[in-house]
Amino acid sequence: MTVWDGIDECYVPGEDIAIDPSVVLHTDADAAIDPVTYEVIRSSLWNINAEAGEIIQRVSGSPIAQYAHDLNTVLLTEDAEYLYTGPYNLNLSVVVDLVVKWILEFRSTDPGIREGDIFLSNDPFVGASHVTDTVMCMPLFVDGKLFAWAASTFHQYDMGGTAAGGYSPDARNRFEEADPIPPVRIVEGDGEVRRDLLEWYLRKSRTPHLLELDFRSQIAGCNYSRARILSLVESYGAGTVKAAMRKILDDGERAFARRLEAIPAGRWSARGYVESALPGDRDVYTTMLNVTKSDGQLVFDQEGTSAQAGVLSISYAAWRAGIMPPLVRLMCDDTMYALGGALRRLRFEPLAGSLFCASHPAATGNPGIGICQAGSLATAALSRLLSTVDDDRQDVFAVAGTSIYPISALAGVDQSGNYFGTIHMEPMAGGLGAFGDSDGEDTGGTVYDALALAPNVEYSEQYFPILFLYRRELPDSGGAGRFRGGNSGVFAYMPHRADAIEHYTATSGMAVPTSLGLWGGHPGATNRDLVRRGTDVEAVLASGRIPQALSELSGETEIIPPKERNIMQVPGDVWEVRWAAGGGFGDPLEREPAAVLRDVLGERVTVEEALRSYGVVVDGEAVDEAATAERRSELLERRLAGRHGDRPAAPSGEKVV
4 MTVWDGIDEC YVPGEDIAID PSVVLHTDAD AAIDPVTYEV IRSSLWNINA
54 EAGEIIQRVS GSPIAQYAHD LNTVLLTEDA EYLYTGPYNL NLSVVVDLVV
104 KWILEFRSTD PGIREGDIFL SNDPFVGASH VTDTVMCMPL FVDGKLFAWA
154 ASTFHQYDMG GTAAGGYSPD ARNRFEEADP IPPVRIVEGD GEVRRDLLEW
204 YLRKSRTPHL LELDFRSQIA GCNYSRARIL SLVESYGAGT VKAAMRKILD
254 DGERAFARRL EAIPAGRWSA RGYVESALPG DRDVYTTMLN VTKSDGQLVF
304 DQEGTSAQAG VLSISYAAWR AGIMPPLVRL MCDDTMYALG GALRRLRFEP
354 LAGSLFCASH PAATGNPGIG ICQAGSLATA ALSRLLSTVD DDRQDVFAVA
404 GTSIYPISAL AGVDQSGNYF GTIHMEPMAG GLGAFGDSDG EDTGGTVYDA
454 LALAPNVEYS EQYFPILFLY RRELPDSGGA GRFRGGNSGV FAYMPHRADA
504 IEHYTATSGM AVPTSLGLWG GHPGATNRDL VRRGTDVEAV LASGRIPQAL
554 SELSGETEII PPKERNIMQV PGDVWEVRWA AGGGFGDPLE REPAAVLRDV
604 LGERVTVEEA LRSYGVVVDG EAVDEAATAE RRSELLERRL AGRHGDRPAA
654 PSGEKVV
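Plus 3 on top of the position in the sequence shown (first one is 1) and you've got our numbering.
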């Protein structure tokens, strides 16, 4: 029998959690609440949680918070049902209930749970997305009873381990990554930080000063939420506030149940592949997500997924974290991220030892692969499921770009002798997948962060010793379809006043497309890293020209594999990153030729791609209708004959690309 306690296997809470009698839950709620008071309290709770996120951003000052929004805030009930999660990175916030339930189950006796406590954890086997995401949870008490929880989770620059930034490309187990910390009480009931634990926490990091600033910002966020919620209780009474909390959950469940009623019973599956578990590995691994609708609920399982391998593996918490954002966008986007009600109608059935639910001591520090892949498959499966419902058919969408985050990290010492390290945040501008009635937005963001932004180029050049040559949208990258997937982007840079920059990659989606199309739509372009060695870039810049492509520079181009360490970039080398684009929707041959022409004239699609994938012949600024009809007929005949057009030659060599 599998024991899901967060030790040898991931933590999966049971239906009932044993809580020490010393922790008394506040469960009393008024029998009824008037509509006006309910709306005031409901909106107040939403604003409190959103404002806590703003406080974290302002106190930390971290570009990770400001641009990547790699944080989120959460309010939960006394027994860890979601009230609200914030509008930031949903991948981070939808795991917090697992951490709180683990604290209730395993910390309520020793050391206990008291007013003013704050617990900290980054343990993926308990509930963190991965080891560089720190969860901090604060219990809120009213009249000596546990009333609610305020929490946040925040991606850190560095938590230690063998790779700067935490994304090790070659970790064979968790002992070669940053240390996971099971929930520990780091702030005592009197509000005092345990200095010994804080110093232990900071000692692990290459950037302890930044880590402490982020730590303090999360405390500030928790304290803000606590003060505001207790003020609500003082104004309206504990029973009234608790009645509003109950109604938020019950209304959310009823709304989700109504959506489920329109869906026929059945099972929908999506399959995808990820490559290269470790450097030099040329294998491709299967990932599966299956969703079954029956008995008024949705059941998600992993049957058919490969066994855990190298750095591809994630925890149960991370798998669930990948599923929830597309589910929210497709089925709960009108609930203001009040997810607790919907979660009552969801069941998750993990498979111990799989890529999507690794067993200890697997490496789980690369969630940009597994979480994103789970989210991509969930998008595909849920969109197919909802395509059975007339009212929802136009609102489904293909898999969005940045479908696997292209972790391309850089580190080193800058011109002032200071250590630096980061990952690129430009891929937050992912191309959205095409919808059932419209194109995906070019570089429009991500499914898991409604506020996604790419950082300013000037910011990156200010903080790191690099100089950008270009950053632009990439024509033809969006998947072809009746409705086109959103294009992604590409950027390139050179070292600036640095002797060398060390790179490592820890990604997938280079050899196999991961932005799946829907109902005949083509997948979006893949991730790709290149470096052009020994270029004449300095001379080109000195001549007054800024190169806009690697082909405009001298030198040799090296294709970077998805898992690699210690790749050095020296002056004269130019590094280029491309991220995955959105998938298309429907048959490309059904796209209106006028829409293809608009894309060609807008430089979103090239003339060659219009001919190759859409069968549209563009002549100058017009469509050649006769030639287009002939070309489309030819492409249809090829399909019927089992031929799908000319394929590009595969690159040669030892590396997966």
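No residue lacks a Cβ here, since even glycine has one placed at the ideal position from N, Cα and C.
Computed from a predicted model, the values in this text were never measured in an experiment.
Assigned secondary structure, residue i (DSSP; H/G/I helix, E/B strand, else coil)
i: H158; result: strand
i: F109; result: helix
i: F144; result: strand
i: G313; result: helix
i: P186; result: coil
i: F359; result: coil
i: R466; result: Residue identity check: residue 466 is Tyr in the sequence provided, not Arg. In this structure, Y466 counts as helix in the three-state DSSP scheme.
i: F128; result: coil
i: G424; result: strand
i: S96; result: helix
i: E444; result: coil
i: I266; result: coil
i: S2; result: The shown model of the chain, from 4 to 660, leaves out residue 2, and the question about it has no answer.
i: E657; result: With a pLDDT of 45 at E657, under the threshold of 50, the predicted position of this residue should be treated as unreliable, and no value is reported.
i: Q572; result: strand
i: Q300; result: strand
i: E57; result: helix
i: W578; result: strand
i: V599; result: helix
i: N176; result: coil
i: R396; result: coil
i: V138; result: strand
i: V62; result: helix
Buried or exposed by the 16-neighbour rule on C-beta atoms within 10 Å, applied to residue i
i: S511; result: buried
i: A21; result: exposed
i: T30; result: exposed
i: G605; result: exposed
i: G645; result: exposed
i: G492; result: buried
i: V236; result: buried
i: M4; result: exposed
i: V129; result: buried
i: R45; result: buried
i: V626; result: buried
i: Q551; result: exposed
i: N530; result: buried
i: F178; result: exposed
i: E541; result: exposed
i: G656; result: Caution applies to G656, whose pLDDT of 46 falls short of 50 and renders its modelled position unreliable; the model cannot decide the point.
i: D298; result: exposed
Limits of the unbroken alpha helix (DSSP H) element including residue i
i: V236; result: 211-239
i: L28; result: Taken as a continuous stretch (DSSP letters only), L28 belongs to no alpha helix (DSSP H), as it is neither H nor E.
i: W203; result: 198-206
i: T631; result: 628-643
i: E612; result: 610-616
i: V540; result: 540-545
i: W319; result: The amino acid occupying residue 319 in the given sequence is Tyr; Trp does not appear at that position. From DSSP, the alpha helix (DSSP H) with Y319 extends over 319-334.
Contacts around residue i, its chain only, beta-carbon distance under 8 Å, and the 5 residues preceding and following it disregarded
i: L470; result: E464, Y496, M497, P498, H499
i: V460; result: F471, R474
i: F486; result: A437, F438, G439, D440, S441, D442, G443, G524, G587, F588, G589, R594
i: V621; result: V599, L600, V603, V610, A613, L614, D627
Terminal residues of the beta strand (DSSP E) in which residue i lies
i: A273; result: 269-278
i: Y1; result: This structure cannot speak to residue 1, because the chain is shown only from 4 to 660.
i: V473; result: Note that residue 473 corresponds to Tyr in the displayed sequence, not to Val. Note, Y473: beta strand (DSSP E), 469-476.
i: P498; result: 492-498
i: A71; result: Looking at the DSSP string, A71 is not in any beta strand (DSSP E), and its letter there is neither H nor E.
i: T560; result: 559-563
i: R531; result: 531-536
Residues near residue i by beta carbon distance below 6 Å, same chain, minus five either side
i: P16; result: K104
i: I67; result: D73, H158
i: L380; result: A273, G275, L292
i: H212; result: none
i: K658; result: Here K658 scores only 45 on pLDDT, less than 50, and its place in the model should not be relied on; the value that follows carries that caveat. Only P564 meet the Cβ criterion.
i: T382; result: P329, V402
i: K148; result: V27, H29
Any non-hydrogen atom of the ligand SAM closer than 7 Å to residue i Cβ
i: F128; result: Absence of the ligand SAM is noted for the structure shown, with no ligands found whatsoever.
Residues near residue i in its chain [Cβ-Cβ closer than 7 Å; skip 5 each side]
i: G356; result: A310, Q311, S362
i: A32; result: G242, K245, A246, R249
i: L643; result: none
Cutoff 8 Å: residue i Cβ touching any chain B Cβ
i: Q305; result: Judged by its chain identifiers, the structure shown contains no chain B, having just a single protein chain.
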